[in-house]
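Residue numbers (UniProt numbering), protein chains in the order written: chain A, 1 to 120; chain B, 1 to 120. Read the structure below first, then the notes.
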DNA sequence: CTGTATCCTTCGAGATACTG
DNA sequence: CAGTATCTCGAAGGATACAG
């Protein structure tokens with residue numbers, strides 16, 4: 001067999017990886033990072049609604065997973081840029097596909113919800 | 001403009017839709033449902049580690065969003081089949097791409113984590 | 001078989017304030 | 001600018017029992 005694990009198995013490494021990806025903020029960060037490095041506060045401003053704490057935590061997790069890298073520039077005050085790694089770049093296509101699906105099918109989902117709620 | 005909203009805006013419908021997708025169990029269910037209808041307990045058995053309660057809740061949300069449909073067969077005891085809707089089927093390619101990414105890049109992520117932890 | 005109801009715990013997120 | 005440190009709070013999830 002090609003793979004020892006699959007996503008349907010409990011407590012397998014694959015599931016742990018999918019868990020990390022199944023995170024709203026992580027997806028938004030990866031999507032935003034596509035194409036260009038972005039600074040901390042720039043991300044904070046662009047990704048509306050994320051708190052400083054959660055942004056910091058999520059960036060740390062993504063860096064630990066090898067999906068993004070953190071570059072520190074000794075300016076005053078200090079500048080920090082986050083960039084997709086080559087591993088992270090292999091994900092962007094899928095991630096932005098998900099984001100685009102959400103944008104394009106929002107209306108259909110909303111309509112389905114209203115129909116569902118009307119029945120109940 | 002083509003879209004009034006994008007995923008980076010707070011409290012926009014697109015974000016709400018992405019929120020729903022950014023759910024580990026929802027992704028696993030959608031992935032499992034690709035290709036064939038599946039019964040409740042069958043899903044429960046296949047998606048290892050999910051509780052009855054969470055499975056039920058997640059299925060209800062996915063049905064409300066118009067991504068899956070629920071068919072009741074008046075057998076004794078009753079049989080319930082869950083199937084992807086046509087809207088849901090437009091998502092499967094992306095969802096399974098995510099799952100496959102996790103399976104294929106698990107090793108790289110694990111290695112990155114170990115390298116990160118070794119540095120710290 | 002396919003769920004719902006309840007209890008209980010814990011984990012995560014928001015708010016706020018502070019630091020290098 | 002780029003974070004860390006607390007604190008509090010609510011919601012999500014597991015376990016268990018029960019129901020149609």
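Positions of the beta carbon are idealized from the N, C-alpha and C atoms, including for glycine.
Burial state of residue i (16 or more Cβ within 10 Å)
i, result
"residue 12 of chain A", "buried"
"residue 1 of chain A", "Reliability of the predicted coordinates at residue 1 of chain A is poor, the pLDDT of 45 falling under 50, and the value obtained from them is presented with this limitation in mind. Classification of residue 1 of chain A: exposed, given that the 10 Å Cβ count is below 16."
Beta-carbon spacing of residue i, residue j below 8 Å
i, j, result
"residue 87 of chain A", "residue 67 of chain A", "yes"
"residue 103 of chain A", "residue 7 of chain B", "yes"
"residue 39 of chain A", "residue 55 of chain A", "no"
"residue 83 of chain A", "residue 33 of chain A", "yes"
"residue 17 of chain B", "residue 109 of chain A", "yes"
Helix, strand or coil at residue i [DSSP, three-state]
i, result
"residue 56 of chain A", "helix"
"residue 116 of chain A", "helix"
"residue 68 of chain A", "strand"
"residue 103 of chain A", "helix"
"residue 8 of chain A", "coil"
"residue 14 of chain A", "helix"
"residue 109 of chain A", "helix"
"residue 95 of chain B", "helix"
"residue 85 of chain A", "coil"
"residue 90 of chain B", "helix"
"residue 20 of chain B", "helix"
"residue 1 of chain A", "In this predicted model, residue 1 of chain A has a pLDDT of only 45, less than 50, meaning its place in the structure is not dependable; the value taken from the coordinates is given anyway. Coil, per DSSP."
Presumed contact (8 Å Cβ cut-off) between residue i and residue j, rounded CB distance
i, j, result
"residue 70 of chain A", "residue 116 of chain B", "About 11 Å separates the two Cβ atoms, so there is no contact after all."
"residue 49 of chain B", "residue 10 of chain A", "4 Å"
"residue 30 of chain A", "residue 92 of chain A", "7 Å"
"residue 106 of chain A", "residue 14 of chain B", "5 Å"
For this session: Taking 8 Å as the threshold, find out whether the region 65 to 81 of chain A comes into contact with the region 18 to 33 of chain B through three or more Cβ pairs.
Result: no
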